[in-house]
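Peer 1:
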Amino acid sequence: AQRVTQPEKLLSVFKGAPVELKCNYSYSGSPELFWYVQYSRQRLQLLLRHISRESIKGFTADLNKGETSFHLKKPFAQEEDSAMYYCALSTHGDYKLSFGAGTTVTVRA
Amino acid sequence: EAGVTQSPTHLIKTRGQQATLRCSPISGHTSVYWYQQALGLGLQFLLWYDEGEERNRGNFPPRFSGRQFPNYSSELNVNALELEDSALYLCASSFPRGPGELFFGEGSRLTVL
């Protein structure tokens with residue numbers, strides 16, 4: 002069965018510092034990976050997906066099949082990046098999105 | 081455009097009762113997903129409906145059930161409520177044959193006393 006692990010529950014960084022959120026998955030096939038974000042008092046929403054290979058709000062994520070990881074990175078964190086971040090995995094034919102436990106990011110001034 | 085809407089926002093029940101939660105997807109979306117977000121446990125997949133059919137089910141007991149109506153809205157029923165059913169229940173919708181991007185509602189907070 003597929004599984005998503007986010008080892009950090011809490012992450013605190015200073016404004017302007019790099020931030021990296023770790024995500025590891027277990028799945029033997031070809032997964033589709035996502036990062037979702039929930040800002041304070043807002044709905045959970047998609048931040049980015051690996052097949053798009055795009056940078057959203059300065060965030061990027063690279064799928065590393067060898068290490069089964071999909072870490073989220075931003076070189077210079079901003080205060081508005083403070084939020085809850087979830088890594089999610091979808092597998093072909095299974096048709097469900099499995100979420101990690103989430104990482105709460107706090108960016109301090 | 082209206083987003084995913086869920087009702088009720090809050091629901092308080094006692095152990096053994098039944099709870100019904102409702103979800104209206106974004107217009108044009110035919111897939112509806114239900115997740116349970118219990119304190120400290122992240123989002124646990126409950127059910128996926130597409131075109132009126134249950135397509136997938138998470139690791140939850142049969143007392144968690146639901147359905148999808150012809151207008152693609154959905155209902156989640158939880159029978160014989162237990163204290164540990166207290167959680168935020170999130171509904172999400174997407175275009176068919178998902179999940180690509182899921183669009184989430186604000187959730188229904190169920191409290192079981």
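Order-wise, the sequence lines are chains A and B. For the first sequence, this note's numbering assigns the number 2 to the initial residue and increments by one for each residue that follows. For the second sequence, this note's numbering assigns the number 81 to the initial residue and increments by one for each residue that follows. For glycine and all other residues, C-beta sits at the position ideal for the given N, C-alpha and C.
1. Would you say the segment 40 to 58 of chain A touches the segment 12 to 24 of chain A, given that touching needs at least three Cβ pairs under 8 Å?
2. What are the boundary residues of the beta strand (DSSP E) that includes residue 134 of chain B?
3. If I measure Cβ to Cβ from residue 100 of chain A and keep anything under 6 Å in the same chain, skipping five residues before and after, which residues do I get?
4. Could you tell me whether the Cβ atoms of residue 64 of chain A and residue 34 of chain A are closer together than 8 Å?
5. Return the CA-CA distance between residue 72 of chain A and residue 98 of chain A, expressed in angstroms with no decimal places.
6. Can you list, in chain order, the stretches of the beta strand (DSSP E) that have 3 or more residues and sit fully within the segment 41 to 76 of chain A?
7. Have a look at B/156, B/83, B/85 and flag the residue whose alpha-carbon is nearest the alpha-carbon of residue 129 of chain B.
8. 8 Å is my cut-off, CB to CB: does residue 168 of chain B come that close to chain A?
9. Give the single residue among A/8, A/30, A/61 whose Cα lies nearest to the Cα of residue 93 of chain A.
10. Identify whether residue 163 of chain B lies in helix, strand or coil by the three-state DSSP scheme.
Peer 2: Let me spell this out:
1. no
2. Unbroken beta strand (DSSP E) run through residue 134 of chain B: 133 to 137.
3. Correct list, in chain order: 87, 89.
4. yes
5. Roughly 17 Å separates the two Cα atoms.
6. 46 to 50, 61 to 65, 70 to 75
7. It is B/156 whose Cα lies nearest to the Cα of residue 129 of chain B.
8. no
9. A/30
10. helix
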